[in-house]
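Asks:
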Amino acid sequence: MNDTLPVMQMLYSEEQRLAIAGFRRFAEAELRPLADKYEKLGCPPERAAMLDLFRRLDDYGLVSGLIPAADGGPGIDRFTYGLLYEELARAWPDMAIAILIQSHVALTLVELGTPEIKKSHLEPLLRAQRIGCSCISEPNAGSSVAEVQTRATLEGTRYRLHGQKLWISNGAQSDFAIVVCRIDGKLDMLLVDRDGDNYQHRELEKMGFVSASTCEIFLDDALAPVSHVLGRSGGGLYQTLKLFESARVFVGLTAVGIAQAALEEAIEYAKQRRQHGKVIAGHQLMQTYIAEMATELDAARLLCQRALRLLDLGVRCDTQTSMAKWYATEMAVRVTSKAIQIHGGVGITKDFKVERHFRNARILPIPDGTTEIQKLIIGRNTLGVSAFS
Ligand SMILES: Cc1cc2nc3c(=O)[nH]c(=O)nc-3n(C[C@H](O)[C@H](O)[C@H](O)COP(=O)(O)OP(=O)(O)OC[C@H]3O[C@@H](n4cnc5c(N)ncnc54)[C@H](O)[C@@H]3O)c2cc1C
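Read left to right, the sequence shown gives residues 3 to 391 (the numbering used here).
1) Can we say the segment 155-175 touches the segment 119-127, given the rule of at least three CB pairs closer than 8 Å?
2) Could you give the first and the last residue of the continuous beta strand (DSSP E) run that contains R160?
3) With a CB to CB cut of under 6 Å and the five nearest residues on each side skipped, what residues in its chain are close to N362?
4) Using only the alpha-carbon positions, how far apart do G237 and L189 sit?
5) Would you give the residue range spanned by the beta strand (DSSP E) that G134 belongs to?
6) Just verifying my parser: in three-state terms, what is the DSSP assignment at T351?
7) For F211, list the residues DSSP reports as bridge partners.
8) Would you kindly work out how many angstroms separate the C-alpha atoms of I180 and L265, rounded to a whole number?
9) I think L20 touches A93, with their Cβ atoms under 8 Å apart; what is that distance to the nearest whole Å?
10) Buried or exposed: D223, going by 16 or more other Cβ atoms within 10 Å of its Cβ?
11) To the nearest angstrom, how far is it from the Cα of S146 to the Cα of Q274?
12) Report the rounded CA-to-CA distance for R204 versus T338, giving the unit in angstroms.
13) Name the two residues that bound the continuous beta strand (DSSP E) containing Q202.
14) How would you write the range of the alpha helix (DSSP H) that I379 sits in, first residue to last?
15) Can you round the beta-carbon distance between A326 and A309 to whole angstroms, since I take them to be within the 8 Å contact cut?
16) Check M3 in the structure and name its three-state DSSP category.
17) Report buried or exposed for F178, applying the criterion of at least 16 other Cβ atoms within 10 angstroms of its Cβ.
18) In the DSSP assignment, find the alpha helix (DSSP H) that holds K121 and state where it starts and stops.
19) In whole angstroms, give me the CA-to-CA distance for E374 and L305.
20) For ligand 1, I want to know if S136 counts as a neighbour, meaning its beta carbon is within less than 7 Å of at least one of the ligand's heavy atoms.
21) For Y161, count the other beta carbons within 10 Å of its own beta carbon; 16 or more makes it buried, fewer makes it exposed. Which is it?
22) In chain order, what residues of the same chain have a beta carbon less than 8 Å from the beta carbon of Q241, not counting five sequence neighbours either side?
23) Determine the closest residue to G225 out of N200, L245, M12 and E247, with distance taken between C-alpha atoms.
24) Is S213 a contact residue of ligand 1, with contact defined as CB to any heavy atom under 7 Å?
25) Out of F56, N383, A29 and I344, which has the shortest C-alpha to C-alpha gap to Q175?
26) Can you tell me whether T372 sits near ligand 1, meaning its C-beta is under 7 Å from at least one heavy atom of the ligand?
27) What would DSSP say about V181, mapped onto helix, strand or coil?
28) Are L313 and V251 touching if we call contact CB-CB under 8 Å?
29) Between S145 and ligand 1, is the CB less than 7 Å from at least one heavy atom?
30) Nearer than 7 Å: is that true of the beta carbon of T216 relative to any heavy atom of ligand 1?
31) Keeping to the same chain, check which residues put their C-beta closer than 6 Å to that of H230; ignore five residues upstream and five downstream.
32) What residue from K208, H285 and A293 has the CA that sits closest to I368's CA?
33) Short of 8 Å in beta carbon distance, which residues of its chain neighbour A148, apart from the five on each side in sequence? Order them along the chain.
34) Can you name, in chain order, every residue of its own chain whose Cβ lies under 8 Å from the Cβ of A301, other than the five neighbours on each side?
35) Between which two residues does the alpha helix (DSSP H) harbouring D314 extend?
36) For S229, is the beta carbon positioned less than 7 Å from some heavy atom of ligand 1?
Have a look at this one:
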């Protein structure tokens, strides 16, 4: 039996275990078939279908869960929310990424939005009536956010934006975008409504996460009122890096969910496939693979959970969030690759899910700070010497 998860769960409260079990039933019955459907279609759900899914996922707190009661959410701690998020990623990682963006756009509005913006944008976001996206990366600004070139120029009571954003999750279905841009040369965050075609998008074709929207966003003459500047003037870089601290742990947890699914499929296959007179699960080298997969997966899960607990405490923990993101995402590449190896030839066919897990896992060491950037953060914080400057 695969006892990794049940034993881990002894560390959780009764309430947390019940929440995981309830959500898993929903995910198995409702989400997995949709994950398969959209994978075959090769495209993300349309906006209306996405909003419907967000509403159903919010029955478990997955959209509004992290939002404090004062701002209209249930204020679930990140650790507990992370337990459900991992389950979502195990069933449909593409939807987990969409939820990650929606929930962190909401957190940004909680932190930086005025009371008016909370009313006009946060409330409908939490009620799953609108979809947000976060526009940081550009063709010439990826790992280095400080090199963002999109600019906003004041014209009376509004800003006019010019620029292009790249790799924007939820871009296709979004109703508004939080845009990192230059105002008077300084980096700021500006909330830009789509309002018909105030900005446009083009969906990108990717090797994995094919049912998660990832877009180019074109801001040619897009307009935003001056009241839509988020946070303090010139605070765009700091605010973005702060947002990454939480978001990157959830990228790590997405990897944990994918690796968990791949491990379960590898175990099931190894126990029924026979070669050399016995099931391949009985061959020592196959057991070594399974042991390595299970151990690395648990290590990644624990690193993510530690980071979430530290975020819950509100202490600075960018070293620990970077460790979690780097290790978990690279772990998932190794684990899903071994899951294919255990399947032999059938592992590379679309008849089995492990090839999908591998394609998805391979993407995750890139977003929200590449593996190399995470190591530079850990190195800087550990050595007290920055390699960035
Ligand atoms: C699926 C997906 C979803 C995404 N979603 C969003 C989103 O919603 N919003 C958004 O704004 N962005 C998003 N991104 C963008 C993502 O954050 C960037 O891709 C990432 O930051 C890397 O930037 P880049 O692709 O331009 O690579 P580059 O920065 O060009 O890096 C290329 C290579 O150079 C390395 N490198 C760069 N600088 C250094 C250095 N100083 N030292 C050593 N090596 C270095 C990198 O590690 C990498 O290996 C998404 C990306 C993906 C793949």
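Note that CB positions come from ideal geometry on N, CA and C, so glycine has one too.
Replies: By the coordinates alone:
1) Segments in contact, no.
2) R160 to S171
3) P95, G210, F211 and I260
4) Each residue's CA atom was taken as its position, placing G237 and L189 some 6 Å apart.
5) G134 to C137
6) Coil.
7) None; F211 has no bridge partner.
8) 37 Å
9) Going by Cβ atoms, the distance from L20 to A93 rounds to 18 Å, so no, they are not a contact pair.
10) exposed
11) 48 Å
12) 30 Å
13) Residue range Q202 to E205 is occupied by the beta strand (DSSP E) that includes Q202.
14) T373 to L385
15) 4 Å
16) With a pLDDT of only 49 at M3, under the threshold of 50, the placement of this residue in the model should not be trusted; the figure read from the coordinates follows. Correct three-state label for M3: coil.
17) With 16 or more other Cβ atoms within 10 Å, it is buried.
18) Segment: none, K121 is in no alpha helix (DSSP H) and carries neither H nor E.
19) 18 Å
20) yes
21) buried
22) T110, E113, L114, M191, L232 and G233
23) Reading off the sequence shown, one finds Leu at residue 225, where the question assumed Gly. Checked all of N200, L245, M12 and E247; the closest Cα to L225 is N200.
24) no
25) Taking only the C-alpha atoms, the option nearest Q175 is F56.
26) yes
27) strand
28) Going by beta carbons, L313 and V251 fall inside the 8 Å limit.
29) S145: yes, Cβ under 7 Å from ligand 1.
30) Within the cutoff, so yes.
31) L192 and L193
32) Among K208, H285 and A293, the Cα nearest to that of I368 is on K208.
33) L189 and L239
34) Y329 and M333
35) Q286 to L315
36) False, no ligand heavy atom lies under 7 Å from that Cβ.
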